[in-house]
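Position 295 of the sequence shown, counted from 1, bears residue number 321 in my numbering, the numbering being contiguous throughout.
The beta carbon of each residue, even a glycine, is placed where N, CA and C say it ideally should be.
What follows is a set of notes on a single structure, which appears directly below.
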Amino acid sequence: MSEEQTSKGGWLSRLRAGLKKTSSRIGDGLVGIFTKRKLDAETLEELEELLIQADLGPATAAKVTAGLAKGRYGQDLGLDEIKALLADEIAKILEPVAQPLNFAPAASGPRVVVMVGVNGTGKTTTLGKLSSAAVAQRRRVLLAAGDTFRAAAVEQLEVWGQRAGVPVLKRETGADAAGLAFDAVERGRRDGMDLVFIDTAGRLHNKAGLMAELQKIVRVIGKVDPEAPHEIVLALDATTGQNAINQVETFKSMVPLTGLVLTKLDGTAKGGVLVALADRFGLPVHAVGVGEGIDDLKPFEARAFARALVGLET
Numbered sequence: 027m028s029e030e031q032t033s034k035g036g037w038l039s040r041l042r043a044g045l046k047k048t049s050s051r052i053g054d055g056l057v058g059i060f061t062k063r064k065l066d067a068e069t070l071e072e073l074e075e076l077l078i079q080a081d082l083g084p085a086t087a088a089k090v091t092a093g094l095a096k097g098r099y100g101q102d103l104g105l106d107e108i109k110a111l112l113a114d115e116i117a118k119i120l121e122p123v124a125q126p127l128n129f130a131p132a133a134s135g136p137r138v139v140v141m142v143g144v145n146g147t148g149k150t151t152t153l154g155k156l157s158s159a160a161v162a163q164r165r166r167v168l169l170a171a172g173d174t175f176r177a178a179a180v181e182q183l184e185v186w187g188q189r190a191g192v193p194v195l196k197r198e199t200g201a202d203a204a205g206l207a208f209d210a211v212e213r214g215r216r217d218g219m220d221l222v223f224i225d226t227a228g229r230l231h232n233k234a235g236l237m238a239e240l241q242k243i244v245r246v247i248g249k250v251d252p253e254a255p256h257e258i259v260l261a262l263d264a265t266t267g268q269n270a271i272n273q274v275e276t277f278k279s280m281v282p283l284t285g286l287v288l289t290k291l292d293g294t295a296k297g298g299v300l301v302a303l304a305d306r307f308g309l310p311v312h313a314v315g316v317g318e319g320i321d322d323l324k325p326f327e328a329r330a331f332a333r334a335l336v337g338l339e340t
């Protein structure tokens with residue numbers, strides 16, 4: 027087995043372990059529903075309710091259940107068969123959005139990626155891990171510590187920069203975040219960087235002033251490069267469940283979101299929210315995180331996730 031296969035096997039094991047609470051909820055529920063019973067109206071209703079409880083949300087749960095029932099209504103189906111069919115239906119929703127973040131420079135200069143999100147979603151850690159992944163692909167990266175409100179965030183990003191061998195642009199606490207973003211893009215262009223990753227302060231999605239500041243950051247970046255930012259990625263904490271939907275709605279209404287990263291999948295029973303997000307918004311899901319380690323953030327793989335979600339080997 028190659029080193030890459032070993033690494034991937036370890037990651038998939040961590041993914042299964044991380045989704046254990048969600049898959050146990052679904053798996054235990056399926057045992058109760060599909061023990062010596064046909065796929066009829068009652069079992070489908072119970073299945074739909076089970077998927078709602080697993081945070082797929084009513085609309086997505088109904089869609090998955092309808093897809094599973096198509097051509098199979100009234101049949102006797104075993105538990106393993108149901109799990110496999112369920113994973114297939116979920117994968118159909120997830121596959122169109124499984125898109126790794128593009129690390130290649132843009133035609134207009136370095137690819138500018140702005141990481142946004144509410145407080146505590148793991149934005150800074152995610153940027154650090156993405157930087158390491160980009161460096162592994164021989165990309166030249168500049169990190170910008172745009173969370174100027176929190177000295178700890180700047181220090182945290184510096185640690186990640188040192189680990190990855192990546193320069194970190196920073197300013198004093200309380201400095202203008204938009205000005206820092208402007209300087210970062212200018213420096214990235216001057217120094218021939220492939221990527222400029224810009225961290226931002228955590229902002230509650232119901233605070234208009236902070237959201238307006240985020241809009242200013244995006245506008246100012248566009249003055250250096252009219253094509254930038256090329257990516258605005260929203261970091262979401264999987265443990266928030268359906269509240270993640272509200273966060274996407276709000277950020278999407280303020281800035282042109284281009285993709286999502288889902289963090290903290292380990293130890294949550296709400297992993298199904300990713301299926302609801304994919305179904306509702308269709309935004310690319312670039313990566314998922316199942317831990318604090320540098321290798322615990324990986325490009326999102328739809329089928330592996332779908333199978334882990336229902337408790338099947340990936």
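- Ranked by how close their Cα comes to the Cα of residue 167, the residues 174, 175, 158 have 158 in first place.
- According to DSSP, residue pairing for residue 139 in a beta bridge involves 223, 257.
- Residue 193 and residue 207 have their C-alpha atoms roughly 14 Å apart.
- Straight across, the Cα-Cα distance linking residue 42 with residue 335 is about 8 Å.
- The Cβ-Cβ distance between residue 326 and residue 45 does not fall below 9 Å.
- Cβ-Cβ distances below 8 Å link residue 220 to 129, 130, 131, 136, 137, 160, 165, 166, 167 in the same chain, with the five nearest sequence neighbours on each side left out; the list follows chain order.
- Residue pairing of residue 132 in beta bridges, as defined by DSSP: 135.
- DSSP, reduced to helix, strand and coil, places residue 289 within a strand of the structure shown.
- Approximately 19 Å separates the beta-carbon atoms of residue 82 and residue 287; this is outside 8 Å, ruling out the contact.
- Excluding five sequence positions before and after residue 322, the CB atoms of its chain that fall closer than 6 Å to its own CB belong to 315, 316, given in chain order.
- Of all alpha-carbon atoms in 149, 163, 155, the one lying nearest the alpha-carbon of residue 173 is that of 149.
- For residue 102, the secondary structure class from DSSP, reduced to helix, strand or coil, is strand.
- In the DSSP assignment, residue 64 is bridged to 102.
- For the segment 146-199, the continuous alpha helix (DSSP H) assignments of 4+ residues that do not extend past its boundaries occur at 149-162, 177-190, in sequence order.
- Under the three-state reduction of DSSP, residue 315 is assigned to strand.
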